[in-house]
Amino acid sequence: MLLRIDHVGVACHNLEEKIEFYESVFGLTVVSREVNEEQGVREAMLHVADGDQGASYVQLLEPLHPDTAVGKFLAKRGEGVHHIGYGVADVTKALEEIGAKGVRLIDERPRHGSMGASIAFLHPKDVGGVLTELVETSRR
Ligand code: MC0
Numbered sequence: 001m002l003l004r005i006d007h008v009g010v011a012c013h014n015l016e017e018k019i020e021f022y023e024s025v026f027g028l029t030v031v032s033r034e035v036n037e038e039q040g041v042r043e044a045m046l047h048v049a050d051g052d053q054g055a056s057y058v059q060l061l062e063p064l065h066p067d068t069a070v071g072k073f074l075a076k077r078g079e080g081v082h083h084i085g086y087g088v089a090d091v092t093k094a095l096e097e098i099g100a101k102g103v104r105l106i107d108e109r110p111r112h113g114s115m116g117a118s119i120a121f122l123h124p125k126d127v128g129g130v131l132t133e134l135v136e137t138s139r140r
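Mapping to the UniProt record's numbering: the sequence shown position 30 is 30, numbers consecutive.
(1) According to DSSP, is residue 146 part of a helix, a strand, or is it coil?
(2) Report back the beta-carbon spacing between Ser32 and Ala44 to the nearest angstrom; my notes put them in contact at under 8 Å.
(3) Cβ of Ala117 within 9 Å of Cβ of Met1?
(4) Going by the C-beta, is Lys101 closer than 8 Å to any heavy atom of the ligand MC0?
(5) Using only the heavy atoms of the ligand MC0, determine whether one of them is closer than 8 Å to the beta carbon of Val70.
(6) Is any heavy atom of the ligand MC0 found at a distance shorter than 8 Å from the C-beta of Ser138?
(7) Which term fits Phe26, buried or exposed, when burial requires 16 or more other beta carbons within 10 angstroms of its beta carbon?
(8) In terms of residue numbering, what span does the alpha helix (DSSP H) encompassing Ala117 cover?
(9) What are the start and end residues of the beta strand (DSSP E) that includes Val10?
(10) My parser needs the beta strand (DSSP E) runs of 3 or more residues fully inside the UniProt domain "VOC" (4-137); what are they?
(11) For Val35, which residues from the same chain have a beta carbon less than 6 Å from its beta carbon, with the 5 sequence-adjacent residues on both sides left out?
(12) Can you tell me which of Gln39, Leu105, Gly71 puts its alpha carbon nearest to the alpha carbon of Gly113?
(13) With burial defined as no fewer than 16 other Cβ atoms inside 10 Å of the residue's Cβ, what is the status of Glu133: buried or exposed?
Here it is, written out as structure tokens:
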């Protein structure tokens, strides 16, 4: 069901500073920047690699307000890995299959994600403490 790691989401206080860090230390390149009001984030995707099933990225996330998912995470835990996004072929079908196995779905239906993707989150408490995102990409 999981095709690849689409992205690793990293929470940070200052997006511009963190982009500069990933560019200068790892030589990554920003391929997209978006503000997602619904998710309460300003984010950048940095391309890591291409594979048979599509590309993978580091996604840097800065909260738009303290009272958002990433804002609360930063206040509680500080900067670090916020979630893992896995590529799936069909996010609606994947949600159905995973939900049927008793895993709590944060999103019953897909939402709008980075770079035109359809995304849905699974509750970290049912995935061993890992906030898990399913990503049906519109890109290849
Ligand atoms: C919270 N918890 C986490 C966590 N966030 N555990 C692992 N990883 C995370 N990222 C844990 C807390 O430590 C707490 O555990 C419990 O979950 C409840 O957390 P809370 O602080 O009380 O907050 P809630 O319950 O209001 O919200 C947590 C929840 C929320 C995961 C449901 O953050 C959410 O709906 N996230 C999905 C949306 C999201 O993250 N959007 C931002 C990225 P204890 O043990 O202390 O009770 S948007 C994105 O990435 C898009 C743009 C994209 O990829 O394209």
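C-beta atoms are modelled at their ideal positions from N, C-alpha and C, and glycine is treated no differently.
Per the coordinate set shown:
(1) Here the chain has residues from 1 to 140 only, and residue 146 is not among them.
(2) In this structure Ser32 is in contact with Ala44, their Cβ atoms being roughly 7 Å apart against a cut-off of 8 Å.
(3) Not in contact: Ala117 and Met1 (Cβ atoms no closer than 9 Å).
(4) For Lys101, the Cβ stays outside the 8 Å cut-off from all heavy atoms of the ligand MC0.
(5) Within the cutoff, so yes.
(6) No.
(7) So Phe26 counts as exposed.
(8) Per DSSP, Ala117 belongs to no alpha helix (DSSP H) and is neither H nor E.
(9) Start and end: 4-11.
(10) Note on the UniProt domain "VOC" (4-137): whole beta strand (DSSP E) runs with a minimum of 3 residues are 4-11, 29-36, 41-51, 54-63, 80-87, 118-122, 132-136, in chain order.
(11) Cβ-Cβ distances below 6 Å link Val35 to Arg42 in the same chain, with the five nearest sequence neighbours on each side left out; the list follows chain order.
(12) Measuring from the Cα of Gly113, the nearest candidate turns out to be Gln39.
(13) Answer is buried; the Cβ neighbour count reaches 16.
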